[in-house]
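Taking the working numbering, the leading residue of the sequence shown gets 16, the next gets one more, and so forth.
Have a look at the structure below, then the notes.
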Amino acid sequence: MKYIVGLGNPGRKYENTRHNLGFAVIAKLAERLNVKTTQQKFKGLFAKTVYEGEDIVLLQPLTFMNNSGLSVAALKSFYKCDLSDILIVYDDFDFEVGKMRLRKQGSAGGHNGMKSIINSLGSSDFPRLRIGIDKPGYSQIDFVLGKFSEDEQIIIDKVIEEAVNSILCFAKEGIDKAMNKFNINIE
């Protein structure tokens, strides 16, 4: 079983913001898998489905970004899963818009949602999919809670599609295969 967690903030105020890119990827993945993340479980919106014989759990934490670890820890505790089976999807302003990168493990890189998850799990040894939102030219908080420009949104829509493809590859073939196929730049 694979566990796909997309980070974001709950509520209409945060819809379609840069910081909710993880939620957007989960929404597109759920659409592709013909499921809805409407069930509340693990302090988030949850769905469970099967893709080509592989059980997949989708989760969008409702704890707000900075407390995402509470939701992920609840999921891990319930399923008693290996960290290597949990993929965290999140925005990263160290990457330009159009870049995404899968990694087996790593630091939080200044991302508060990832800090929370690492603290709650007691480890950073889990896969993640980082999606570029670009560097802010002004207040970091205002930037990540802002929306993409029209030109950026065109690129982001393509990246979200590739992110979904990379997640399905991860679910079916593992992180190494997914990294080899999908660590890309989309222009």
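From the three backbone atoms N, C-alpha and C, an ideal C-beta is built for every residue, glycine too.
Here the structure is a predicted model, which is why all the values come from computation and not from measurement.
Output the distance between the C-alpha atoms of residue i and residue j, rounded to the nearest integer angstrom.
{"i": "L90", "j": "Q75", "result": "11 Å"}
{"i": "L31", "j": "I190", "result": "The amino acid at residue 31 is misidentified as Leu; the sequence shows Asn. Approximately 27 Å between the Cα atoms of the pair."}
{"i": "T78", "j": "K196", "result": "32 Å"}
{"i": "Y29", "j": "T53", "result": "18 Å"}
{"i": "V112", "j": "G125", "result": "18 Å"}
{"i": "F185", "j": "S138", "result": "20 Å"}
{"i": "D149", "j": "S92", "result": "34 Å"}
{"i": "N198", "j": "S181", "result": "9 Å"}
{"i": "Q155", "j": "I169", "result": "22 Å"}
{"i": "L183", "j": "F141", "result": "17 Å"}
{"i": "S135", "j": "E165", "result": "36 Å"}
So, with DSSP's three-state summary, where would you put residue i?
{"i": "Q55", "result": "strand"}
{"i": "Y18", "result": "strand"}
{"i": "V87", "result": "helix"}
{"i": "A62", "result": "strand"}
{"i": "G128", "result": "helix"}
{"i": "I41", "result": "helix"}
{"i": "D191", "result": "helix"}
{"i": "L104", "result": "It is Val, not Leu, that sits at residue 104 in the sequence shown. Three-state result, V104: strand."}
{"i": "Q120", "result": "coil"}
{"i": "V72", "result": "strand"}
Taking residue i as the reference, give the member of the options with the closest Cα.
{"i": "G68", "options": "K43, K187, F57, C96", "result": "K187"}
{"i": "L105", "options": "C96, A88, K130, L98", "result": "For the record, residue 105 in the displayed sequence is Tyr; it is not Leu. When each option's Cα is compared against that of Y105, the closest is K130."}
{"i": "K259", "options": "Q55, K56, G26, A62", "result": "A query on residue 259 cannot be resolved here, the shown segment of the chain reaching from 16 to 202 and no further."}
{"i": "R47", "options": "K192, M194, R118, E176", "result": "E176"}
{"i": "V65", "options": "F57, F108, V50", "result": "V50"}
{"i": "N81", "options": "D100, K173, N127, V174", "result": "N127"}
Since I believe residue j is in contact with residue i (beta carbons under 8 Å), could you give me their beta-carbon distance rounded to a whole number of angstroms?
{"i": "A178", "j": "V20", "result": "With 8 Å as the limit, A178 and V20 do not qualify as a contact, their Cβ atoms being about 13 Å apart."}
{"i": "Y153", "j": "C96", "result": "40 Å between Cβ atoms; not a contact."}
{"i": "I146", "j": "L36", "result": "5 Å"}
{"i": "L98", "j": "M194", "result": "With a Cβ gap of about 16 Å, L98 and M194 do not count as contacting."}
{"i": "I171", "j": "F163", "result": "5 Å"}
{"i": "P151", "j": "F108", "result": "6 Å"}
Excluding five sequence neighbours on each side, which residues of the same chain lie with their C-beta closer than 6 Å to the C-beta of residue i?
{"i": "G59", "result": "L74, Q75, P76, L77, S86"}
{"i": "P25", "result": "L77"}
{"i": "M16", "result": "D70"}
{"i": "R143", "result": "I103, R118"}
{"i": "F38", "result": "G21, G23, Q75"}
{"i": "V72", "result": "Y18, K63"}
With a threshold of 7 Å, establish whether the CB of residue i neighbours any heavy atom of the ligand SAM.
{"i": "I182", "result": "In terms of ligand content, the structure shown is empty, and the ligand SAM therefore cannot be addressed."}
If you drop the 5 nearest sequence neighbours on each side, which residues of the same chain put their C-beta closer than 7 Å to that of residue i?
{"i": "G161", "result": "T32, R33"}
{"i": "K192", "result": "C184"}
{"i": "I132", "result": "S83, G84, V87, I103"}
{"i": "S122", "result": "S139"}
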